[in-house]
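Student: Take this structure, written in structure tokens, and hold onto it; I'll ask about it next.
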Amino acid sequence: MKRFFFATILTFLFVTVSSPHVQGQLYQSNRLAEAKFLHKTMAIIPVYVTEKDNSSDAKKEGRKGVVQEDELEGYNLQRSFYNYFITRKPKKVNWTVEIQGYEETNQKLKQANILYADLMQTPKDKIGEILGVDAIFLCEIKKLRTISDRAAVALDIFVGYGGYTGNIDIETSIYESSTAELMWKYERKLPTSYWGRSDYLVANIMKATINKFPYKEKVSKK
1385 MKRFFFATIL
1395 TFLFVTVSSP
1405 HVQGQLYQSN
1415 RLAEAKFLHK
1425 TMAIIPVYVT
1435 EKDNSSDAKK
1445 EGRKGVVQED
1455 ELEGYNLQRS
1465 FYNYFITRKP
1475 KKVNWTVEIQ
1485 GYEETNQKLK
1495 QANILYADLM
1505 QTPKDKIGEI
1515 LGVDAIFLCE
1525 IKKLRTISDR
1535 AAVALDIFVG
1545 YGGYTGNIDI
1555 ETSIYESSTA
1565 ELMWKYERKL
1575 PTSYWGRSDY
1585 LVANIMKATI
1595 NKFPYKEKVS
1605 KK
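Each residue of the sequence shown is one higher than the last, beginning at 1385 in the numbering used here.
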């Protein structure tokens, strides 16, 4: 009886915490069809990562948020995006833009004194001018933990759900450098779990972005 009562409480907790379904939303400018053939170069700037912990454990310990090596993760994700664009391009398409090397991008940002913390607030046309490209690719990732690993394990054991712990909101966007106009944006929400592998989540993010990436054309048959 106690086990049934505990499972019922955990089920209620699970339902009220959040829903782990993947959601996606795509935006494209009316000018995109024209602009994607005018833009010849694109740079990928470091991914902006933020993390917040709203779990019961964090509240007990008096922590309102958690920030651990977000900047390092942002640079690692930037490199991963670049490598995915170069190595995971679908066989039947070509990119219509040349992607600037991430090391060159970071060096130019450093020379211009653009810090990681200032990336999202810096005008897009200014970043484009500094980097010398026609378009800039941005990604912002917001991590939200709503339940502790301990509670997630209990849910997994007593309710049979796979240990849901929170969400990751991913927003990838492309801006035209000369006008700072938003050309394309893809927003996605992914669930996280206490047993989830970070490399799996990264691969999921990269694959979805590659599939939706607008700067591509079909390879003509010979």
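The C-beta atom is built at its ideal place from N, Cα and C for all residues, glycine as well.
Just so you know, these numbers come straight off a predicted model, no measurement behind them.
(1) Quick check on the burial criterion: 16 or more other C-beta atoms within 10 angstroms. Buried or exposed for Thr1563?
(2) What separation, rounded to the nearest whole angstrom, lies between the Cα atoms of Leu1574 and Met1426?
(3) Output needed for Val1433: all residues of its chain with C-beta closer than 6 Å, excluding positions within five of it in sequence on either side, in chain order.
(4) May I have the straight-line CA-CA distance separating Ala1536 from Leu1522, to the nearest angstrom?
(5) Can you tell which of Phe1421, Lys1436, Ile1594, Asn1460 has its C-alpha closest to the C-alpha of Gly1550?
(6) Taking the beta carbon of Arg1415 as the centre, do at least 16 other beta carbons fall within 10 Å, making it buried, or is it exposed?
(7) So Ile1428 is in the alpha helix (DSSP H); what residue range does that whole segment cover?
(8) Starting from Lys1492 and walking both ways along the alpha helix (DSSP H), at which residues does that stretch end?
(9) Pick helix, strand or coil for Lys1573, following the three-state DSSP scheme.
(10) Suppose the cutoff is 6 Å on Cβ atoms and the five residues either side in sequence are ignored; what does the same chain contact list for Tyr1570 look like?
(11) Quick check: the Cα distance between Val1603 and Glu1513, rounded to an integer number of angstroms?
(12) Check whether the Cβ atoms of Asp1518 and Lys1424 sit closer than 8 Å, and answer yes or no.
(13) Go ahead and pull the three-state DSSP assignment for Ile1511.
(14) Over what stretch of residues does the beta strand (DSSP E) that includes Glu1601 continue unbroken?
Tutor: Based on what the coordinates show:
(1) Exposed, because fewer than 16 other Cβ atoms sit within 10 Å of the Cβ of Thr1563.
(2) 26 Å
(3) By the criterion of a C-beta distance shorter than 6 Å, Val1433 is surrounded in its chain by Asp1454, Glu1457, Gly1458, Ile1525, once the five residues flanking it on both sides are discounted.
(4) Because the pLDDT of Ala1536 is 45, which lies under 50, any placement of that residue in the model is unreliable, and the number read from its coordinates should be weighed accordingly. Straight-line Cα distance between these residues: approximately 32 Å.
(5) Lys1436
(6) With fewer than 16 other Cβ atoms within 10 Å, it is exposed.
(7) Unbroken run through Ile1428 is the beta strand (DSSP E), 1425-1428; no alpha helix (DSSP H).
(8) 1486-1495
(9) strand
(10) In chain order, Leu1410, Thr1556, Lys1596 place their CB closer than 6 Å to the CB of Tyr1570, counting only its own chain and leaving out the 5 sequence neighbours on each side.
(11) 31 Å
(12) yes
(13) helix
(14) 1600-1602
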